[in-house]
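What follows is a short report on a single structure.
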Amino acid sequence: MRPWRKLFHNKQKTMAEIKCIGILTSGGDAPAMNAAIRAVTRAAIYNGFTVKGIMRGYRGLITGEIIPFKTQNVSNIVQQGGTILKTARCKEFQTPEGRQVAYETMQREGIDALVVIGGDGSLTGARIFASEFDIPIVGLPGTIDNDLYGTDTTIGYDTALNTIMDAVDKLRDTASSHERLFLVEVMGRNAGFLALNGAIASGAEAAIIPEIMTETDQLGELIGNGFRKSKNSSIVLVAESELTGGAMGVAERIKKEYPQYDTRVTILGHIQRGGSPTASDRIIASRMGEAAINALMEGQRNVMIGVQNDELVYIPFTKAVRKDKPINRDLLNTLKILSI
Ligand code: ADP
């Protein structure tokens, strides 16, 4: 494993002082979070640690809803969507007082280190918590959005992409029976990875993504290219985002500027978060879960586990959450060429 930065200070808790590791899942849920919980638990127990499962993200640290975990607590979950630890959004944790209570709970429970599985917000919370108290924290990128810097993929992204592909395949059957423009809104927060790769995977006409919103009029370009000349119907994936306006925003614009088109909007919504995880997600979640325990044993702290070119890496929280992850612009061209 290639450490991006050695983060080891004498004053801080060393591996020898870590006896009990707490795990939590926080923020938006993602498929294969369970595979990650299983891997963290089993790798920790294998290496002689005790494990506690913290319910409902940071809220569990405030309410004290914490369960001792044995290997059997994580049996039969690798294939399940959702998270057995539940997840939540916790406002109190965003205040210094709330984090003080969380720290006191950890002390009372004898939890010496944390593994936080979540997205951008959850890892921001982890970064702040770790800067205020002497707690080793390792993060795992658990989000379908794939928007964390420094990792090629995130836990849940591949499953969500496959769900989008399946949904668009179904829509195509009905779309090709009529002459219509279908706008399909997919998740991704402010990132277009799901929309762009989902469009390529499902053979959609185009994707409207936030990353290039300010430089290109993506809708204008699509219409200008005469997209329906050779086709009965067209499917365009739109990333949910204030920048794109979402599928409804794009539909409004078409109604005003191109009223000749018969447009339909489908918002895929929360089905994108559900379902049994793909093999790829289960494997990356399992590898990252084990890597989180290795990281703690190596004295790493305040890092997210990432994957780059199939190699696991440590990304400091500050980089993972603060830097924008760029999209691969070659994919835009691929989509354009393949949709003629
Ligand atoms: P995600 O992790 O999926 O991006 P959220 O953005 O909702 O989800 O964040 C999940 C939780 O992480 C929040 O409910 C809160 O408890 C914690 N969190 C997010 N941002 C911060 C912050 N700036 N300070 C402290 N905690 C935060």
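As numbered in my numbering, the sequence shown has no gaps in its residue numbers, which increase by one up to the final residue, 376.
Each residue gets a CB set at the ideal place from its N, CA and C atoms; glycine is no exception.
With 16 or more other Cβ atoms from the protein chains shown falling within 10 Å of its own Cβ, E241 counts as buried. According to DSSP, P177 shares a beta bridge with G154.
Among the bridge pairs identified by DSSP, E221 is matched with V274, I303. Within the same chain, and ignoring the five residues on either side of R318 in sequence, the residues whose Cβ sits closer than 7 angstroms to its Cβ are A68, A71, V114. In terms of Cβ geometry, I59 and T77 form a close pair [threshold 8 angstroms]. Taking 8 angstroms as the upper bound for CB-CB distance, I153 and T61 are in contact here, some 5 angstroms apart.
DSSP links E347 through a beta bridge to Q344. Look at D360: its beta carbon is at least 7 angstroms from all of the heavy atoms in the ligand ADP.
Residue environment: A235 is assigned as buried (16 or more neighbouring CB atoms within 10 Å of its CB, all protein chains considered).
Short of 8 angstroms from the beta carbon of L304, and not among the five residues preceding or following it, lie these beta carbons of its own chain, in chain order: T199, I200, A203, V220, E221, V222, M223. Residue state for I98 is assigned as helix, using DSSP reduced to three classes. With contacts defined by Cβ atoms closer than 8 angstroms, V272 and M284 do not form a contacting pair. A straight-line Cα-Cα distance of about 43 angstroms links S158 and G262. Less than 8 angstroms separates the beta-carbon of I320 from that of I191. According to DSSP, residue pairing for A203 in a beta bridge does not occur. In terms of Cβ geometry, Y350 and A328 do not form a close pair [threshold 8 angstroms]. In the DSSP annotation of this structure, the continuous segment of the beta strand (DSSP E) that includes L60 starts and ends at 56-61. Secondary structure note for I244: its beta strand (DSSP E) is the uninterrupted segment 242-244. Measuring C-alpha to C-alpha distances from E101 to each of K55, M91, N109 identifies M91 as the nearest. Per the C-alpha coordinates, the member of G63, Q130, I57, T187 positioned closest to N83 is I57. The ligand ADP has no heavy atom closer than 7 angstroms to the beta-carbon of T119. Counting only the Cα atoms, T210 lies some 51 angstroms from A166. Judged by beta-carbon spacing, K127 lies beyond the 8 angstroms limit of F105, meaning their Cβ atoms are not closer than that value. Sixteen is the threshold: since fewer than 16 other Cβ atoms of the shown chains lie within 10 Å of the Cβ of L374, the residue is exposed. If you draw a 10 Å sphere on the C-beta of P132, you find fewer than 16 other C-beta atoms in it, and that means exposed.
Cβ contact annotation for F169 (same chain, cutoff 6 angstroms, sequence separation greater than five): Y139, in chain order.
L197 and D253 have their alpha carbons spaced roughly 25 angstroms apart.
In the structure shown, I319 falls within a helical segment according to DSSP collapsed to helix, strand and coil.
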